[in-house]
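**Student:** For the sequence shown, the working numbering begins at 9 and goes up steadily by one.
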Amino acid sequence: MLLEVESLDVRYGRTHAVKALSFGVAQDECITVLGSNGAGKTSLLRALQGLTPSSGGRVIFNGEDITKLSPPQRLRRRLSLVPEGRQIAISLTVHENLQMGAYCRSDSDVARDINGIYERFPNLGARRDMQASVLSGGEQQMLAIGRTLLARPRLIMLDEPSLGLSPLLVERLFELITSLHLEGLAILLVEQNTQMALEVASRGIVMELGRATLTGAAHDLQNNEQLAAAYFGHSSH
Ligand code: ATP
Numbered sequence: 009m010l011l012e013v014e015s016l017d018v019r020y021g022r023t024h025a026v027k028a029l030s031f032g033v034a035q036d037e038c039i040t041v042l043g044s045n046g047a048g049k050t051s052l053l054r055a056l057q058g059l060t061p062s063s064g065g066r067v068i069f070n071g072e073d074i075t076k077l078s079p080p081q082r083l084r085r086r087l088s089l090v091p092e093g094r095q096i097a098i099s100l101t102v103h104e105n106l107q108m109g110a111y112c113r114s115d116s117d118v119a120r121d122i123n124g125i126y127e128r129f130p131n132l133g134a135r136r137d138m139q140a141s142v143l144s145g146g147e148q149q150m151l152a153i154g155r156t157l158l159a160r161p162r163l164i165m166l167d168e169p170s171l172g173l174s175p176l177l178v179e180r181l182f183e184l185i186t187s188l189h190l191e192g193l194a195i196l197l198v199e200q201n202t203q204m205a206l207e208v209a210s211r212g213i214v215m216e217l218g219r220a221t222l223t224g225a226a227h228d229l230q231n232n233e234q235l236a237a238a239y240f241g242h243s244s245h
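This is how it looks when you write it as structure tokens:
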């Protein structure tokens with residue numbers, strides 16, 4: 009397993025947001041974490057990146073216990089998060105935002121990799137010297153993903169990337185996630201768009217009030233009546 013989460017706990021005072029959660033992500037796997045608002049999905053991803061302290065359990069990445077490591081130390085081990093709401097620096101240019109994504113790197117390939125991002129996202133290349141504030145929502149999401157890719161992750165975590173995007177852009181986003189996965193990236197995807205997430209992922213984890221209440225192959229979850237009723241707004245019958 010590339011990522012092993014063992015009995016992870018996250019607490020905010022009396023709120024127990026993640027309760028003894030255990031799961032793994034293999035090198036070539038795309039896993040989706042589903043669940044309604046407040047289920048603990050964002051807390052889980054933030055704790056895996058080290059942005060929110062965990063209050064129990066262990067996180068093993070690439071065979072190393074990273075539970076006590078800081079977010080930049082985790083980034084250097086090539087675990088990185090595209091946060092909810094994108095959180096790009098809107099007063100900086102597109103190019104400066106991408107440079108920020110590579111801040112943890114000391115190699116000489118950053119300029120080449122930024123050009124690679126412009127090739128992948130020509131809209132960003134065309135706006136490289138413009139302030140990120142002029143980008144559309146879809147372009148901002150691409151910038152957030154591009155910035156994260158510049159840390160050269162082995163595992164990329166995406167927190168509700170489709171939020172606020174038009175249906176067409178959601179399609180494009182899921183195509184991008186599929187191609188990143190095909191390129192060999194492991195992916196941990198938190199999504200409200202249950203149906204599309206289960207199409208790109210091989211496995212799913214459903215969280216409710218901090219616990220994993222349902223896990224299984226994406227195909228089985230797609231046909232799961234309980235999940236269909238809760239998240240697809242209909243029963244499979
Ligand atoms: P959403 O889809 O709304 O982002 P989520 O599944 O990502 O939901 P979390 O944001 O992780 O859920 O929240 C889990 C629980 O932890 C909720 O009860 C929430 O109110 C609480 N919580 C989250 N962040 C904090 C915080 N910084 N301080 C206190 N409580 C928090």
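All C-beta atoms in this analysis are idealised placements derived from N, C-alpha and C, irrespective of residue type, glycine included.
Which of the three DSSP states, helix, strand or coil, is assigned to T202?
**Tutor:** Assignment of T202 by DSSP, reduced to helix, strand and coil, places it in the helix class.
**Student:** Helix, strand or coil: which one does DSSP assign to A236?
**Tutor:** helix
**Student:** Would the region 69-82 count as touching the region 122-131 if we require 3 or more Cβ pairs under 8 Å?
**Tutor:** no
**Student:** Do you know how far the Cα of Q200 is from the Cα of S244?
**Tutor:** In this predicted model, S244 has a pLDDT of only 40, less than 50, meaning its place in the structure is not dependable; the value taken from the coordinates is given anyway. Straight-line Cα distance between these residues: approximately 19 Å.
**Student:** Looking at the strands, I want to know which residues DSSP matches up with R211.
**Tutor:** Partner residues in the beta bridge of R211, as assigned by DSSP, are I39 and A225.
**Student:** Could you spell out where the alpha helix (DSSP H) holding I68 opens and where it closes?
**Tutor:** Taken as a continuous stretch (DSSP letters only), I68 belongs to no alpha helix (DSSP H), being part of the beta strand (DSSP E) at G64 to F69.
**Student:** Decide if the region 39-54 is in contact with the region 65-76; the criterion is three or more beta carbon pairs, one per stretch, under 8 Å apart.
**Tutor:** no
**Student:** Taking C-beta to C-beta, are V118 and A110 nearer than 8 Å?
**Tutor:** yes
**Student:** Could you tell me if N105 is buried or exposed, where buried requires 16 or more neighbouring beta carbons within 10 angstroms of its beta carbon?
**Tutor:** buried
**Student:** Would you decide whether Q149 is buried or exposed? Buried here means 16 or more other CB atoms lie within 10 Å of its CB.
**Tutor:** buried
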